[in-house]
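**Q**
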Amino acid sequence: MNRKPKRSRVSEYTLDFDKQMLRLLTEETEQAVRGTEPDQHQILLRAFRLAWEHELTPTQRKYLHCYYKEKLRLREIAARYGVAVSTVHRSMTGAKEKLRHILFYFLT
């Protein structure tokens, strides 16, 4: 009996970063937090930089860089690094949650 190979149910993943998070992940970091008080501004920038360097894995950083700086789709990132789209999505979702948690802590 000939069976067709199963097709992946993963069609196209998207990541729903809020606008503030998107700005923090680009060169517009300064503008993203400009409305805060100067001391809080510096604290937030430092928190983001520390989180980026020490809390995210190198893989998470490179996937985020590809997605936001190079404007690659998840499928293109997966092809570039020879991994499944779901792997890229899961890694980026984890990175988003880490950053959101850390920045929320410093904002409250």
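All letters in the sequence shown, in the order written, are residues 212 to 319 by my numbering. The beta-carbon is built from N, C-alpha and C at its ideal position, and this holds for glycine as well.
With a threshold of 8 Å, are at least 3 pairs of Cβ atoms found where one atom belongs to the segment 292–301 and the other to the segment 257–269?
**A** Short answer: they don't touch.
**Q** If you drop the 5 nearest sequence neighbours on each side, which residues of the same chain put their C-beta closer than 7 Å to that of residue 309?
**A** On the sequence shown, position 98 is the one that residue 309 refers to. Only 262, 266 and 267 meet the Cβ criterion.
**Q** Could you give the residue range of the alpha helix (DSSP H) that holds residue 262?
**A** For the purposes of this step, residue 262 is taken as the residue at position 51 of the sequence shown. Here residue 262 belongs to no alpha helix (DSSP H), and DSSP marks it neither H nor E.
**Q** First and last residue of the alpha helix (DSSP H) that includes residue 280?
**A** Stepping through the sequence shown from its first residue, residue 280 is reached at position 69. No alpha helix (DSSP H) contains residue 280, which DSSP labels as neither H nor E.
**Q** For residue 289, collect the residues of the same chain with a Cβ closer than 8 Å to its Cβ; drop the 5 residues on either side in sequence, then sort them by chain order.
**A** Sequence index remark: in the sequence shown, residue 289 carries index 78 (1-based). The residues are 295, 296, 298 and 299.
**Q** What are the boundary residues of the alpha helix (DSSP H) that residue 284 is part of?
**A** For the purposes of this step, residue 284 is taken as residue 73 along the sequence shown, with counting starting at 1. Careful: residue 284 lies outside any alpha helix (DSSP H) and carries neither H nor E.
**Q** In three-state terms, what does DSSP make of residue 319?
**A** Counting from one through the sequence shown, the residue named residue 319 turns up at place 108. Reduced to three states, the DSSP call for residue 319 is coil.
**Q** Using only CA atoms, which one of 256, 254 and 303 lies nearest to residue 277?
**A** Here the question's residue 277 lines up with position 66 in the sequence shown. The option with the nearest alpha carbon to residue 277 is 303.
**Q** Among 306, 311 and 270, which residue has its Cα nearest to the Cα of residue 292?
**A** For the purposes of this step, residue 292 is taken as the residue at position 81 of the sequence shown. When each option's Cα is compared against that of residue 292, the closest is 270.
**Q** Report the three-state DSSP secondary structure of residue 310 (helix, strand or coil).
**A** Numbered from 1 along the sequence shown, position 99 holds the residue referred to as residue 310. Three-state DSSP puts residue 310 in a helix.
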